Structure formats: C-alpha cells, structure tokens
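Undergrad: So for the sequence shown, this note's numbering puts the first residue at 49; every next one is plus one. Ideal Cβ placement from N, Cα and C applies to all residues, glycine included. Nothing here was measured: the structure is a model prediction, and the numbers come from that model.
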Amino acid sequence: MKTFYVTTPIYYVNDVPHIGHAYTTIAADVLARFHRQMGEKVFFLTGTDEHGNPAARAAQKRGITPQEHVDEMVEKFKALAVRVNATNDFFIRTTDPRHVQAVQRFIQRLYDQGDIYLKSYRGLYCSACEAFYAEKDLVDGKCPDHGTEPELMEEENYFFRLSNYQERLLAFFDAHPGFVQPESRLNEARSFIQQGLEDISISRATLEWGIPIPWDESQVVYVWVDALLNYITALEFATGEDLVPKFWPADYHLMAKDILKFHAVIWPALLMASGYELPRHLFIHGYLLMGGQKMSKTRGNVLDPFEVMDAYGVDAFRFYCFREVAFGQDGTISMEGFENRYKAELANELGNLLSRTIAMIRKYNDSVLPPADDHAAFDTTGAQLVLEFRKAMERVDLTGALEKVWRLVRSLNKYVEDSAPWKLAKDVSRKPELDSVLYNLAEGLRICAILLHPFMPETTVEILRQLGLPAHVENLAVEQAAWGRGEPGVMVVPGRPLFPKLQE
Ligand code: ME8
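(1) Quick check: the segment 268–287 against the segment 87–102, are at least 3 beta-carbon pairs closer than 8 angstroms?
(2) So if DSSP puts residue 547 in a beta bridge, which residue, or which two residues, is it bridged to?
(3) Have a look at 398, 538 and 214 and flag the residue whose alpha-carbon is nearest the alpha-carbon of residue 508.
(4) Using a C-beta cutoff of 8 angstroms, does residue 351 count as contacting chain D?
(5) With 16 other CB atoms within 10 Å as the buried threshold, where does residue 278 fall?
(6) Who does residue 192 pair with in a DSSP beta bridge?
(7) Tell me whether the beta-carbon of residue 417 lies closer than 8 angstroms to the beta-carbon of residue 379.
(8) Closer than 7 angstroms by C-beta to residue 135: which residues in its own chain qualify, once you throw out the five before and the five after it? Chain order, please.
(9) Extract the residue ranges of the alpha helix (DSSP H) inside the segment 86–145, only unbroken runs of 4 or more that lie entirely within it.
(10) Out of 469, 217, 52 and 513, point me to the one whose CA is closest to residue 234's CA.
(11) Which residue or residues does DSSP assign as beta-bridge partners of residue 539?
(12) State the beta-bridge partners of residue 330 as determined by DSSP.
(13) Which residue from 258, 247 and 101 puts its Cα closest to that of residue 169?
(14) Quick one, are the C-beta atoms of residue 55 and residue 298 less than 8 angstroms apart?
(15) When the Cα atoms are used, what is the spatial distance from residue 175 to residue 207?
(16) Going by beta-carbon coordinates alone, are residue 132 and residue 350 separated by less than 8 angstroms?
(17) Can we count residue 376 as close to the ligand ME8, meaning its CB is less than 7 angstroms from some heavy atom?
(18) According to DSSP, which residues form a beta bridge with residue 201?
(19) Which word fits residue 358, buried or exposed, when buried means at least 16 other C-beta atoms lie within 10 angstroms of its C-beta?
(20) Within 10 angstroms of its Cβ, does residue 237 collect 16 or more other Cβ (buried), or is it exposed?
(21) Quick one: Cα of residue 304 to Cα of residue 502, how far?
(22) What does DSSP give as the partner residue(s) for residue 244 in the beta ladder?
(23) From this set, 52, 64 and 74, which residue's C-alpha is nearest residue 504's C-alpha?
(24) Using DSSP with H/G/I as helix, E/B as strand and the rest coil, what is residue 409?
(25) Would you say the beta carbon of residue 342 comes nearer than 7 angstroms to a heavy atom of the ligand ME8?
(26) Tell me the start and end of each unbroken alpha helix (DSSP H) in the segment 469–529 that is at least 4 residues and wholly inside, in chain order.
(27) Can you give me the Cβ contacts of residue 105 inside the same chain, cut-off strictly under 8 angstroms, excluding the 5 residues immediately before and after it?
(28) CA-CA distance, residue 195 and residue 188?
(29) Measure the alpha-carbon distance for residue 113 versus residue 492 and round it to whole angstroms.
(30) Which whole-angstrom value describes the C-beta separation of residue 172 and residue 210, a residue pair presumed to lie in contact below a C-beta threshold of 8 angstroms?
(31) Relative to the ligand ME8, is the shortest distance from any of its heavy atoms to the C-beta of residue 352 smaller than 7 angstroms?
(32) So which of 467, 431, 472 and 338 has the shortest CA-CA distance to residue 452?
(33) If you draw a straight line from the alpha carbon of residue 428 to that of residue 538, how long is it in whole angstroms?
(34) Counting C-beta neighbours from all protein chains within 10 Å, is the total for residue 287 16 or more, i.e. buried, or is it exposed?
(35) State yes or no: is the C-beta of residue 524 within less than 8 angstroms of the C-beta of residue 494?
(36) Using a Cβ-Cβ cut-off of 8 angstroms (strictly less than) and excluding sequence neighbours within five positions of residue 155, which residues of its own chain qualify?
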C-alpha cells in the first residue's frame, strides 16, 4: 500500500498558538485527508518544540519552572489541533523522555564517527530564532525576522561538520529539483549552500533547559538539532512499533520560509551524516499577514484562531485560509475579507446550491433522486476536473485545487439558471429532462463534497448526508468522484443551512 508521511513544524511553546500555527496544521491536515481519500496509508505528525531559550525565559518571567510552563502551554497547542479538526496520528513533545533518549543516541553516533568536535565560538545570537547571525545578514544591526538586537555570545561548543556536506548537498539539490517547493525557495536554499557552509555549533553551555549532551552533561543539545530530529524520533515511538521503515522518508515537511534554512541545509546534512534518506519534499508556504506585516508573537499583531472559529465555524476558516491566500505566497487576511467570502462563496454559492437542489428533489420527485436520461455532457468535464484537482493536490497547490472545485460549484449554479427546473416541472412531457437536471445537480454536489472534503470535513459530510449518502470511507474515496457513480433512488434528507447567517 502506498504510504504518505506529512509533518508540520513543531511549534514553540513560549507563547499561545496563533493563526499562523493553525494555518500550517490545517494545510497538513488537508493533505493527510486527501491522501487517505486516495486509499493511501497516512502518517500525519505535529507537535511542540519545548526546549531552548524562549520557553525557559517565558517560564522565568512567570515565576514557574520550564517544565510547568511547557506542560501548560502544550495543552493550548493540542487544543488548537483538535479545534481545527486536525487528524494528526501523533502529537510529539520534545520533552518526551523517549524523544530525549532518541536524540542522545543520534548525536552520540555522530560524535563517535567523528562528525562532531569541540571548539570555542563567538558570535551574534538571536534567541528568538535560536540562531547565530553574521553581521552582514542583520538589518540595521537587528534580526531580519524579529527586529530585535542579537546578543554577543561566546562559548565553547560542540560543532557539527556541516562544511563536509556542502558538495553532497549541492549534488542532492541538482538531482532532486522538486526537493524544495515552490521553486523560488529551492533557489534560495541552493544559493545559500553555494555561498559556502561553515560548521555549526550543535550544543549550548549556558542553557540548562535542553537535552544533555550524553558525553558531556555540562552542555545541552542545540534546540534546532533536538527539534529537527522529531520527524524521525516520533516514528520510532509513536505507536510502539518502529514506523521508520514504513514511513521514512517523509513525503512533505510543511513550513513557512522562516525556517527554510534549517530544513533545507542542516536537516539534510544531519540525515546524510547518519545514513538516513532525505525527505522527499519541503513545501514552503507564505506568511499570513495582518495589516501588511507578518503575524508573529514577537510583534504582537496576532489574531486568536479560537475566536475566529467560534465566530465563523471551523470549516469556513479552513476554506478561507487557502482561498484567500495563494498557498505558497504571502497574503493578507482580514475579518472583512473573511466575511465577504463567507457570504458570497460559502453561503450563497455552495450553501444555496445544496438547499435549492434538495428542495427541488423533494418538490418535484417526492425526495427521491431520479435517474438521469443523460449525463454525457458532464462525464468528460467532470473527469477532466477531477484529474486537474488531483494533480493540483499532488503538487500541494491547495489554492489551485480549491479553485477547480469552485468552478464546478459556479457552473452548477449556472446550470440551475439555464435549465430552469421550475419551468420544466410545469410540463409533464418534459419530466425526463427535469429528472436529468435534478440528477446532475445532486451528482455535481456529491462530487464537490468528495473533493472539498479535505478542506471542509464537517460541511461535506453534511452535504452527503442531505444527499442521502452516509459519509463512510467508500463514499468519500476520490475514485468515487466520477459522474454517474451516484445511485438513483436514494432519498434526500433536508437539513440545516450549511452556512447560517452571521451574527452581527
Ligand atoms: O519555528 N504565517 O516554531 P514556531 C504563516 N519550533 N505561517 C506561520 C506564521 C505566519 N504569520 N507564523 C508562524 C519554530 N507560522 C520551530 C520549528 S521544526 C523542527 C521547529 C507557522 O512556533 C509556519 O509554519 O515559530 C512557521 O514555519 C512556523 O509556524 C513557526 O513556528
């Protein structure tokens, strides 16, 4: 059976989750659900990155221990995953003793084979990024990502021989042009490697909140090495069975560009050093912006995802994320934009199409789906659409995939107007024509529901229910999205409006 392994970054727990975190988690969930609908065996991983400076400092500020702080914050991240309806197979915490031991084993092996050595180092360090910066990469002396001044840090640290992997990394990039997507990000990562790689420090001496270096407990493992390894350690212990042979290499690591360098350079080099295959793809999505700026905890311009979902429902939020902002590019989100799409596209275009269709099948055919004399017109366009949708999903073009379905929604609305069933109903001799229209509308909606399912899991189950179809796995399989698969004779079931009027 084909497998599919998708991951989100593991999120920092120094502060509460925000919409950016929800965004990546939902994107990964959309992929996980789609690949399950394709009949694949899926593993979807998310979790929290709990060691390092920011968490330790946040705990200190609150006058509690780091462990107390992270234990409390993790619950909010777990709650977010539940609230967005994420179907993650596991939630990894880097403070899990099983992860801690796996990290120690991993770096001990690199140390034993000579990939790690001790050296004194002095550099400018942004503790929000947990990374050193060269002077030339700062903007007005400040961190380009956080706008804060880095601190001068000098330590004796253990270093990983990253420089040894430069040529192999470049060769890998050349051989795998789809490794980093979109392509602009591939070029960015490649040119970074080409500029020359220096060895990196993989331990910290001044920090206590981390995983002890097994051969020198006065130091802890650099939080990024600890964090990146989660993608493999989770597979080792998530279920009790070692899932590495089944699911590694990962098919997609999803993230925003802030952490591209760690995933496109350090992670592959660590994997090469330890003899693992490299992930198949990194997909780098854009930033959600608010008022033109990246939403970030450090900047304080964040929207509370829980509040948005309480107001509009989880599916509308999931839909909006990929409809409003082309997946892979930066884009601004706003409550206004959200309400517009809710009303125009969800309530009017999709919601009304279903309620009209159900109402007409009840009125003109006693709630029973009639057979169609003719659906030939839809067979090819339907098949073409499904094919294009699948291709878009397979290249993680979530926005393109949604657009394909929306074209079908719009053409079905036009079909209602053009074929005017209310006129056909007045003339008994045109009953076969009327039946075909009703069948095609229900069939179109059934196909939309299957294709939209990864984006709007609850709404699409409700669509199928109203169409008289239980939402079991077989009815949701992508291969069922073909015109004519729907059986005439089922009874439609009227239900609540899919997208009720918003409260002012
Ligand atoms: O970087 N728009 O954790 P983090 C879109 N612990 N996505 C956003 C976003 C925004 N405005 N803000 C955050 C870390 N994200 C590390 C990762 S992985 C081994 C370790 C999303 O809590 C996006 O996926 O800062 C980004 O890459 C991630 O959250 C950063 O999460």
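TA: In this structure, then:
(1) When C-beta atoms of the segment 87–102 are compared with those of the segment 268–287, three or more pairs fall below 8 angstroms, so the two segments count as touching.
(2) Here residue 547 refers to the residue found at position 499 when the sequence shown is read from its first residue. Looking at the DSSP assignment, residue 547 forms no beta bridge with any residue, so it has no partner.
(3) Residue 508 sits at position 460 when you count from the first residue of the sequence shown. With distances taken between Cα atoms, residue 508 lies closest to 398.
(4) Protein chain content of the structure displayed is limited to a single chain, and chain D is not contained in it.
(5) Within the sequence shown, the letter at position 230 stands for residue 278. So residue 278 ends up on the buried side.
(6) Start at 1 with the first residue of the sequence shown, and residue 192 comes out as number 144. Its beta-bridge partners do not exist; DSSP assigns none.
(7) Residue numbering aside, residue 417 sits at position 369 when the sequence shown is read from its first letter. Residue numbering aside, residue 379 sits at position 331 when the sequence shown is read from its first letter. Cβ distance not < 8 angstroms, so residue 417 and residue 379 don't count as in contact.
(8) Taking the sequence shown and counting its residues from 1, the one referred to as residue 135 is at position 87. Cβ within range, chain order: 77, 80, 81 and 92.
(9) 101–110 and 114–131
(10) Numbered from 1 along the sequence shown, position 186 holds the residue referred to as residue 234. It is 217 whose Cα lies nearest to the Cα of residue 234.
(11) Here residue 539 corresponds to residue number 491 of the sequence shown, with the count starting at 1. Note: residue 539 sits in a beta bridge opposite 416.
(12) Along the sequence shown, read from residue 1 onward, the residue named residue 330 stands at position 282. Paired residues: 228 and 301.
(13) As a working note, residue 169 is residue 121 in the sequence shown. Checked all of 258, 247 and 101; the closest Cα to residue 169 is 247.
(14) For the purposes of this step, residue 55 is taken as the residue at position 7 of the sequence shown. For the purposes of this step, residue 298 is taken as the residue at position 250 of the sequence shown. A contact, by the Cβ cut-off of 8 angstroms.
(15) Here residue 175 is taken as the residue at index 127 of the sequence shown, counted from 1. Here residue 207 is taken as the residue at index 159 of the sequence shown, counted from 1. Their backbone Cα atoms lie some 18 angstroms apart in a straight line.
(16) Here residue 132 is taken as the residue at index 84 of the sequence shown, counted from 1. Here residue 350 is taken as the residue at index 302 of the sequence shown, counted from 1. For residue 132 and residue 350, no; Cβs fall outside 8 angstroms.
(17) Locating residue 376 in the sequence shown gives position 328, counting from the first residue. It does not: the Cβ of residue 376 is nowhere closer than 7 angstroms to a heavy atom of the ligand ME8.
(18) As a working note, residue 201 is residue 153 in the sequence shown. BP columns for residue 201 point to 171.
(19) By one-based count along the sequence shown, residue 358 stands at place 310. Taking every protein chain shown into account, the CB of residue 358 has fewer than 16 other CB atoms within 10 angstroms, so this residue is exposed.
(20) If you number the sequence shown from 1, residue 237 lands on position 189. Counting Cβ neighbours within 10 Å, residue 237 comes out buried, since at least 16 surround it.
(21) Locating residue 304 in the sequence shown gives position 256, counting from the first residue. Locating residue 502 in the sequence shown gives position 454, counting from the first residue. Each residue's Cα considered, the two are about 21 angstroms apart.
(22) Position 196 of the sequence shown, counted from the first residue, corresponds to residue 244. Paired residues: none, contrary to the question.
(23) On the sequence shown, position 456 is the one that residue 504 refers to. Selected option, being the one with the closest Cα: 74.
(24) Residue numbering aside, residue 409 sits at position 361 when the sequence shown is read from its first letter. Here residue 409 sits in helix by DSSP.
(25) By one-based count along the sequence shown, residue 342 stands at place 294. Indeed, a heavy atom of the ligand ME8 lies less than 7 angstroms from the Cβ.
(26) 469–472, 479–500, 505–514 and 521–524
(27) Taking the first residue of the sequence shown as position 1, residue 105 is located at position 57. If we look at residue 105 and ignore the five residues flanking it on each side, its Cβ neighbours are 62 and 175.
(28) As a first step, residue 195 must be located in the sequence shown, where it is residue number 147. As a first step, residue 188 must be located in the sequence shown, where it is residue number 140. Roughly 9 angstroms between the two C-alpha positions.
(29) For the purposes of this step, residue 113 is taken as the residue at position 65 of the sequence shown. For the purposes of this step, residue 492 is taken as the residue at position 444 of the sequence shown. Computed Cα separation, rounded: 56 angstroms.
(30) Indexing the sequence shown from 1 puts residue 172 at position 124. Indexing the sequence shown from 1 puts residue 210 at position 162. Taking 8 angstroms as the upper bound for CB-CB distance, residue 172 and residue 210 are not in contact here, some 18 angstroms apart.
(31) Stepping through the sequence shown from its first residue, residue 352 is reached at position 304. Checking every heavy atom of the ligand ME8 against the Cβ of residue 352, none is found closer than 7 angstroms.
(32) Residue 452 sits at position 404 when you count from the first residue of the sequence shown. Of 467, 431, 472 and 338, the residue nearest in Cα terms is 431.
(33) Here residue 428 corresponds to residue number 380 of the sequence shown, with the count starting at 1. Here residue 538 corresponds to residue number 490 of the sequence shown, with the count starting at 1. Rounded to the nearest angstrom, the two C-alpha atoms are 24 angstroms apart.
(34) On the sequence shown, position 239 is the one that residue 287 refers to. By the neighbour-count criterion, in which 16 or more other beta carbons inside 10 Å mark a residue as buried, residue 287 falls on the exposed side.
(35) The residue you call residue 524 lines up with position 476 of the sequence shown. The residue you call residue 494 lines up with position 446 of the sequence shown. Contact: no.
(36) On the sequence shown, position 107 is the one that residue 155 refers to. Around residue 155: 164, 250, 261, 262, 269 and 273.
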